[in-house]
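Remarks on the structure that follows.
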Amino acid sequence: MTHLMDFYQSPIGCMTQDFISAQLKKILAVIRPDERVLILGYGIYFADDIQKLGSDKIILAYPDGMPPVLWPDSAAHQSCIVSLDALPFGDVTFDRVILVHALEFAPEPGHLLFEIQRILTAQGQLICITPNRNGIWSWFEHTPFGEGQTFSTRQIRRLLLGVQLSPLQIQTALFVPPLNFSFHKIARGFARGIEAAGSYLGLRMGGIVIAVAQKQRYAGIPVKPLARAKKIQLQWATPQNSARDER
322 MTHLMDFYQS PIGCMTQDFI SAQLKKILAV IRPDERVLIL GYGIYFADDI QKLGSDKIIL
382 AYPDGMPPVL WPDSAAHQSC IVSLDALPFG DVTFDRVILV HALEFAPEPG HLLFEIQRIL
442 TAQGQLICIT PNRNGIWSWF EHTPFGEGQT FSTRQIRRLL LGVQLSPLQI QTALFVPPLN
502 FSFHKIARGF ARGIEAAGSY LGLRMGGIVI AVAQKQRYAG IPVKPLARAK KIQLQWATPQ
562 NSARDER
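When we follow the numbering used here, the leftmost residue of the sequence shown carries the number 322, and every step to the right adds one.
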């Protein structure tokens, strides 16, 4: 997990960010200003694009042990470090939760999803991004998607249903091989073409799985005994600065 910042500041990391951000913007479309969004994992390079969709209330939570990158003092978004075993947020707190570089590092992925179900509002939405067990990116450790656990689309579906989260859409992305396509405009265009074709055809061999799920309307708080964390008070401000501008 220690090289996440280096990866996203590299040419291949910038390409990865662009492709994932495009998928997130397509899924999220528009976010109401009053919607509360939690980005859990290493999502600082996606938070600005999400904020531009309309959200002024974003929490960026890093798992304990992951190197944090703090927002500038003038930014609205809050940063914190959390335990994946017990999230320090109250029940039904967030309208949207985005997991990126999180589930694959959780000691118990199902337990983490129980916690996500707990903090989601009624019919709240989860977007979960994980390494694809059947994708080529999981073979290479020079990318973050070659670390931690990997998941197939079937495994993700089963995990979601197990915690009363209804899968709405499960797809894969990152169809290009994990190579540096920055050296020439033609190569970059070729990479974008591969990504667009793979997405259009609905291929299952992408480097990551992107699952969209909704909390079941009448789902209660999970009955599985959970560790308890001291809850934190959330305060909101108005965003000004951009993480992408720091690169």
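Just so it is clear, CB atoms sit at the ideal spot from N, CA and C, and this is done for glycine as well.
| request: Apply the 10 Å Cβ neighbour rule to residue 382 and answer buried if 16 or more other Cβ atoms are within range, or exposed otherwise. | output: By the neighbour-count rule (16 or more Cβ atoms within 10 Å), residue 382 is buried.
| task | Could you check what DSSP says for residue 499 in three-state terms: helix, strand or coil? | result | In the three-state reduction of the DSSP assignment, residue 499 falls in the coil class, being assigned neither a helical nor a strand state.
| request: Rounded to whole angstroms, what's the CA-CA distance from residue 375 to residue 369? Just pull it up for me. | output: Going by the C-alpha atoms only, they are around 10 Å apart.
| Supposed close pair residue 365, residue 385 - CB separation, criterion 8 Å | In this structure, residue 365 and residue 385 do not form a Cβ contact; the two beta carbons are roughly 16 Å apart against a cut-off of 8 Å.
| said: With a threshold of 6 Å on Cβ separation, who are the neighbours of residue 446 within its own chain once the five nearest residues in sequence on each side are excluded? | reply: Annotation for residue 446: 417 and 535 place their beta carbon closer than 6 Å to its own, counting only its chain and skipping 5 residues before and after.
| request: Report back the beta-carbon spacing between residue 480 and residue 434 to the nearest angstrom; my notes put them in contact at under 8 Å. | output: Confirmed, Cβ separation roughly 6 Å.
| field | Extent of the continuous beta strand (DSSP E) run through residue 445 | value | Unbroken beta strand (DSSP E) run through residue 445: 441-452.
| said: Just to confirm my understanding: we take residue 459, look at its own chain, exclude 5 residues before and 5 after, and list those with CB closer than 8 Å. What are they? | reply: Only 452, 453, 466, 467, 471 and 528 meet the Cβ criterion.
| With 16 as the cutoff for other CB atoms within 10 Å, does residue 357 come out buried or exposed? | Residue 357 should be labelled buried.
| Who are the Cβ neighbours of residue 422 in its own chain at under 7 Å, not counting the five residues just before and after it? | Counting only Cβ-Cβ distances below 7 Å, and skipping sequence neighbours, we find 325, 362, 363 and 465.
| said: Taking the alpha helix (DSSP H) that residue 383 belongs to, which residues open and close that run? | reply: For residue 383, there is no enclosing alpha helix (DSSP H); the enclosing beta strand (DSSP E) has its first and last residue at 378-384.
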